[in-house]
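To keep things clear, I will list the structure first and then write my remarks on it.
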Amino acid sequence: VTAIEGVFRQMDDPDADCASYKERLEASIRREQSGDQLRKRGKLAEAIVEYREAIDNLDEYHPDAADLYCKIAIIMRQQGEFDRALEEYRYASEIYELSLGAEHPETVKTLNQLIE
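Numbering follows this note's numbering, with no gaps: position 36 of the sequence shown is 36.
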């Protein structure tokens with residue numbers, strides 16, 4: 001039994017589907033990896049598309065979605081699109097706070113990005 005399967009067994013939710021969750025998570029990881037490769041090759045617009053597709057495969061407020069919003073924000077900041085980057089950091093910050101808590105290091109780090 002994997003950790004994810006153990007969590008699903010404890011949830012006591014008849015609608016929870018572990019297999020579907022794992023498939024969506026794996027699809028998200030593949031999209032993120034594809035986006036990372038595109039970003040390394042300088043194909044930033046295509047990387048953003050992959051990151052957004054990865055987000056679409058995740059549950060709302062999943063911490064991995066926050067990570068992806070941060071990656072998008074970094075690209076936008078590098079391109080001088082500061083307002084759009086700020087919006088992406090806000091999404092990430094909200095997700096981190098709701099999923100990990102206000103005092104979690106990732107939440108604090110992202111809040112610092114909003115200030116800079």
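Just so you know, even glycine gets a beta-carbon here, dropped at the ideal spot from N, CA and C. Please read these numbers as outputs of a predicted model, since none were measured by experiment.
Q.
How far does the alpha helix (DSSP H) with A66 in it extend, from its first residue to its last?
A. 63 to 78
field: Residue range of the unbroken alpha helix (DSSP H) whose run includes D36
entry: 18 to 40
>> If contacts are defined as beta-carbon pairs under 8 Å, then A47 and I29 qualify, I think. What distance do you get, rounded to the angstrom?
In response: The pair is not a contact, with the Cβ atoms about 15 Å apart (cut-off 8 Å).
> Which residues in the same chain as G35 place their Cβ atom closer than 6 Å to its Cβ, once the five residues preceding and following it in sequence are excluded?
Replying inline: Answer for G35: A47, E50, Y51, listed in chain order.
Using DSSP with H/G/I as helix, E/B as strand and the rest coil, what is E53? Secondary structure at E53: helix, using DSSP grouped into helix, strand and coil.
inquiry  = Would A73 and L86 qualify as a contact pair, given that the criterion is a beta-carbon distance under 9 Å?
reply    = yes
Rounded to a whole number of angstroms, what is the C-alpha to C-alpha distance between N112 and E81? 18 Å
Q: For I95, I'd like the list of residues in its chain whose CB is within less than 6 Å of its CB, leaving aside the five on either flank, ordered along the chain.
A: Y61, A65, A66
First through last residue of the alpha helix (DSSP H) which encompasses A43
The question names Ala, yet the displayed sequence has Lys at residue 43. Careful: K43 lies outside any alpha helix (DSSP H) and carries neither H nor E.
Mapping DSSP to helix, strand and coil, what is E116?
-> coil
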